[in-house]
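Undergrad: First the structure, then my questions, so here it is.
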Amino acid sequence: MDSAREEAPSNVVNFKSQGSRKTYKFQRSLQPQRSLQFEESEDEEEPSEPALVERHRRLGWIVQRSDSRLRQLWTLLILLLLMYTGTIFLYRMTFVRSHAVQTLAEPEFWSYWDRFVDVVFVVDVVVPFFFSYVSSDGKEVVSLRRIARRYILGNFTINLISSLPEPFVEALVSVALAEDINSNQANRALRIIRMQQMTKLLKYLRVVKLIQLVEWVKHYKFVAVLNLLLGLIWLVHVLACGWYLCAALHDDHMETWLAFRLVNQDQDMLLYRPPMEQWIHAVYFVFTVFTTVGFGDFSVKTLPEVLYVCFTMLIGTVMHSIIVGKVISEVSQDTELKTLAQHRQRLVAGFMQHARLRGHMAKSLQNWVRHGLRDVPRQHDLEEMQQLIITDMPLNLAREMHGSLFDGELARNAFLTHPTLPGIPARLPLLLSVVLVPKLYEQAQIVYQKGDPAFHMYLILRGTFAFVATPVRDHHKRKSQRLSRGDGVFSPYQLFSFHTYFGDLELQSEITLHRPGTVRCELAGEVLRLPKGDYTNLCRDFPQYATVWRNYSLRREARRQRLRQQHSASLSYDHWAATQIQRFLRSAKSGVRKLSKLSSGNAERSHSADLNELMLSPRGYRNSNSSTAAMMELSALRAEMSQAKAREQQMQRRHEELMGGMRMLQGMLQRVSDPSGVTRPSDIAISVYHSNDGKTCL
């Protein structure tokens with residue numbers, strides 16, 4: 001029991017009862033849920049099969065997850081060896097070990113290096129059995145059985161074929177070949193055997209799985225163009241090796257293009273030149289075919305050469321159209337974001353000329369418009385997209401998309417998850433997502449200031465925002481708000497974290513209202529801005545939700561005003577959050593005590609009322625001298641009992657609200673960061689115990 005308690009995760013708050021020795025665990029989360037979750041196998045989740053669960057517990061350490069350092073190092077090693085296989089190894093196998101005239105000698109280093117590569121590739125056949133993978137729904141699968149099934153049906157065959165050592169293949173071929181073959185056939189067969197090593201190129205299919213490692217640079221144009229050029233060079237290298245093999249594997253080398261290709265002033269045949277020179281001429285030939293210019297200095301004689309040239313022309317036609325079109329598109333076509341940035345720069349330049357801004361201020365404004373504007377422009381037509389959602393989109397598809405909008409964060413926002421809201425229509429989140437505009441904020445950046453006209457409301461995706469103001473040091477006088485950070489006059493008095501929203505009150509009126517307070521970004525984050533006109537259209541199309549949003553905004557404003565009046569100390573947002581949590585815990589403790597006392601008093605009153613009702617039964621009325629007075633007393637007692645029961649129900653509801661608030665405390669903890677040297681609200685210990693007199697206390 002003790003070991004199980006010690007193994008409990010750190011994100012579980014234990015509520016321990018001192019009298020009953022019971023522990024109640026409540027899950028808390030200090031950070032937003034990550035999109036990547038870990039999924040156990042179906043067999044391991046079955047409580048009726050403890051043997052499988054125990055087996056997985058013993059073997060779970062073998063599985064290497066995607067963030068494992070050992071797995072990352074192994075993947076890097078395989079990637080480097082794949083690059084070597086597609087370039088240097090391919091050149092050695094083609095122009096050195098399969099030379100048309102004779103097999104050339106290589107340094108002894110390459111023999112040891114080939115053995116090392118063979119061993120690594122053989123080990124790589126087994127290693128993927130212990131690598132987790134991400135399923136189609138974004139969960140990381142760690143079940144050995146499911147990993148093995150997926151690997152066997154996927155890359156296992158490619159890895160196995162490409163990892164067979166050359167001596168093993170030579171032994172198999174020597175047994176299969178007849179013993180009476182002549183010397184030329186034996187040499188040709190040996191060259192074919194060595195061609196088996198080129199099957200390692202099939203492992204380049206796995207490189208596609210590693211593309212996500214460099215997706216963060218794909219929006220840079222020079223990187224996209226560089227990738228295309230490198231891919232073109234590698235393809236030319238592969239085809240050049242194939243072009244040389246057409247001559248090297250031919251029975252009579254004097255009939256091939258190597259013999260008809262004359263080089264130097266002495267008109268030497270290329271057949272007897274060094275491998276590097278032969279490779280350069282082969283690359284030149286492939287480039288000539290790719291550019292569709294044609295050639296007159298190459299003579300294609302044999303049938304395999306003719307077929308290979310036709311194949312190369314087909315590939316060259318496709319690659320020419322793809323490469324040239326992509327390069328032109330990436331180099332010359334401006335994106336909408338770049339066009340928007342250029343338009344804003346011209347706009348600001350005109351304003352600086354109009355306002356006669358020069359020197360340091362002009363430079364600061366130019367730097368801001370170049371690097372500070374990071375809004376993502378809309379890539380769609382609003383009216384067209386809204387019409388498509390309303391009229392043509394299937395309802396089932398709209399329901400499925402609800403939980404995926406903005407990485408699922410929109411569906412969890414309080415704007416759509418308020419308890420008093422009726423069932424959310426499937427198309428409401430989609431219509432809302434069409435008009436939302438993402439915007440990034442840095443720490444200490446002002447979102448809007450008191451007195452600014454209201455044109456947007458803000459739905460928080462990540463980060464922490466707060467209403468800030470000057471603390472009310474004298475309750476009868478307030479100092480004017482200033483943005484000076486030197487004296488620290490601006491401090492938060494109401495926080496908003498992810499899955500919440502702010503700035504909605506001023507959008508309830510048709511006329512333009514002004515902001516009642518200043519909002520500042522306390523922790524860098526991202527919001528979704530909802531324009532006032534789009535919010536008005538949303539309320540007009542869904543009036544039943546508009547009433548709820550309007551009433552809730554009024555209650556939120558009343559709470560903001562109360563917090564503003566109580567704002568008397570200048571604290572950072574994390575200290576302020578800790579203070580609010582402690583204050584809430586003290587009020588909850590006081591409420592539980594009052595509820596305990598009231599419950600015991602109501603029980604005694606109910607017992608005495610039952611006795612009085614028994615004494616004032618009809619039989620008692622006949623023994624009484626004043627039946628009318630007894631009836632009046634009975635009515636009064638019944639009324640008092642009704643009032644007591646009503647008060648008891650009210651206190652019970654209050655108790656439920658307090659307990660619900662304690663559960664909502666976990667959400668408040670999410671809004672607090674963990675700066676060094678600051679007591680975290682998550683370190684607050686909460687204990688529910690029963691005292692000796694039977695009362696429930698905190």
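Each step along the sequence shown adds one to the number in UniProt numbering, with nothing skipped, and position 622 is 622.
Even glycine gets a Cβ: it sits at the ideal position worked out from N, Cα and C.
Going by DSSP, what residue range makes up the beta strand (DSSP E) through Pro543?
TA: Careful: Pro543 lies outside any beta strand (DSSP E), inside the alpha helix (DSSP H) at 543 to 565.
Undergrad: Considering only DSSP beta bridges, list what Ala248 is partnered with.
TA: None; Ala248 has no bridge partner.
Undergrad: Is Leu258 closer than 9 angstroms to Ala247 when the C-beta atoms are compared?
TA: It is a contact, given that the beta carbons lie within the stated cut-off.
Undergrad: In terms of residue numbering, what span does the alpha helix (DSSP H) encompassing Val141 cover?
TA: Segment 139 to 141 is the beta strand (DSSP E) holding Val141; no alpha helix (DSSP H) there.
Undergrad: Which same chain residues, not among the five before or five after Asn544, have their C-beta less than 8 angstroms away from its C-beta?
TA: Before going further, note that residue 544 is Gln rather than Asn in the sequence given. The residues are Pro422.
Undergrad: So Tyr493 and Leu563 are in contact, right, with Cβ under 8 angstroms, and what is the actual spacing, rounded?
TA: Sure, about 5 angstroms apart at Cβ, within 8 angstroms.
Undergrad: Do the CB positions of Val96 and Leu104 come within less than 9 angstroms of each other?
TA: Yes, the Cβ-Cβ distance between Val96 and Leu104 is below 9 angstroms.
Undergrad: Please list the terminal residues of the continuous alpha helix (DSSP H) segment that includes Met401.
TA: Unbroken alpha helix (DSSP H) run through Met401: 395 to 402.
Undergrad: From the DSSP output, which residues share a beta bridge with Ile446?
TA: The partner list for Ile446 (beta bridge, DSSP) reads Arg520.
Undergrad: Among the residues of its own chain, which have a CB less than 8 angstroms from the CB of Gly154, if the five just before and after it don't count?
TA: Answer for Gly154: no residue qualifies.
Undergrad: Report yes or no: is there a C-beta of chain C within less than 9 angstroms of the C-beta of His514?
TA: Looking for chain C here will not work: only one protein chain is present.
Undergrad: Using a Cβ-Cβ cutoff of less than 6 angstroms, which residues in the same chain neighbour Ile147 once the five nearest sequence positions on both sides are dropped?
TA: Here the set comprises nothing.
Undergrad: So what does Asp268 bridge to, in DSSP terms?
TA: Asp268 pairs with Val263.
Undergrad: Quick check: the segment 438 to 446 against the segment 503 to 517, are at least 3 beta-carbon pairs closer than 8 angstroms?
TA: No, the segment 503 to 517 does not touch the segment 438 to 446.
Undergrad: Can you name the start and end residues of the alpha helix (DSSP H) that His281 belongs to?
TA: That run of the alpha helix (DSSP H) goes 275 to 290.
Undergrad: Is the beta carbon of Tyr573 closer than 9 angstroms to that of Ala466?
TA: Yes, Cβ-Cβ distance for Ala466 and Tyr573 is below 9 angstroms.
Undergrad: Taking only the alpha-carbon atoms, compute the straight-line gap between Arg654 and Leu637 and give it to the nearest angstrom.
TA: If you take the alpha carbons of Arg654 and Leu637, they lie about 25 angstroms apart.
Undergrad: Among Met662, Gln649, Glu657, Phe542, which has the Cα closest to the Cα of Gln582?
TA: It is Met662.
Undergrad: If I measure Cβ to Cβ from Pro128 and keep anything under 6 angstroms in the same chain, skipping five residues before and after, which residues do I get?
TA: For Pro128, where only same-chain residues beyond five positions count, the Cβ hits under 6 angstroms are Tyr151.
Undergrad: Which of the three DSSP states is assigned to His343 in this structure?
TA: Looking at His343 - three-state DSSP - the assignment turns out to be helix.
Undergrad: Quick one: grab the DSSP three-state call for Lys439.
TA: In this structure, Lys439 counts as strand in the three-state DSSP scheme.
Undergrad: Helix, strand or coil, according to DSSP, for Val101 in the structure here?
TA: Residue state, collapsed to three classes: coil.
Undergrad: With DSSP as the reference, label Pro471 as helix, strand or coil.
TA: Coil.
Undergrad: Provide the residue span of the alpha helix (DSSP H) that contains Phe156, from first to last.
TA: Looking at the DSSP string, the run of the alpha helix (DSSP H) that includes Phe156 is 156 to 162.
Undergrad: Looking at the structure shown, is residue 700 part of a helix, part of a strand, or coil, going by DSSP?
TA: The chain is shown only over 1 to 698; residue 700 falls outside these bounds and no answer can be derived.
Undergrad: Between which two residues does the beta strand (DSSP E) harbouring Leu77 extend?
TA: Looking at the DSSP string, Leu77 is not in any beta strand (DSSP E); the run it does join, the alpha helix (DSSP H), is 69 to 84.
Undergrad: Could you work out which residue in Ser570, Arg560, Asp452 is closest to residue 699 when comparing CA atoms only?
TA: With the chain covering only 1 through 698, there is no way to say anything about residue 699.
Undergrad: Could you tell me which residues DSSP pairs with Gly525 in its beta bridges?
TA: Answer is Tyr441.
Undergrad: So Tyr448 and Arg515 are in contact, right, with Cβ under 8 angstroms, and what is the actual spacing, rounded?
TA: Indeed, because the Cβ distance is near 5 angstroms, the residues count as touching under 8 angstroms.
Undergrad: Ala639 to Ala646, Cα distance in whole Å?
TA: Cα to Cα, Ala639 sits roughly 10 angstroms from Ala646.
Undergrad: Can you name the start and end residues of the beta strand (DSSP E) that Phe131 belongs to?
TA: Per DSSP, Phe131 belongs to no beta strand (DSSP E) and is neither H nor E.
Undergrad: Please classify Lys200 as buried or exposed, where buried requires at least 16 other C-beta atoms within 10 Å of its C-beta.
TA: Its pLDDT being 46, under 50, Lys200 is placed unreliably by the model, and the measurement read from it follows with that caveat. Answer is buried; the Cβ neighbour count reaches 16.
Undergrad: Can you give me the start and stop residues for the alpha helix (DSSP H) that Leu144 sits inside?
TA: 144 to 152 is the extent of the alpha helix (DSSP H) around Leu144.
Undergrad: Where Leu571 and Gln445 are concerned, what is the direct C-alpha to C-alpha distance, given to the nearest angstrom?
TA: Taking the straight line joining both Cα atoms gives about 17 angstroms.
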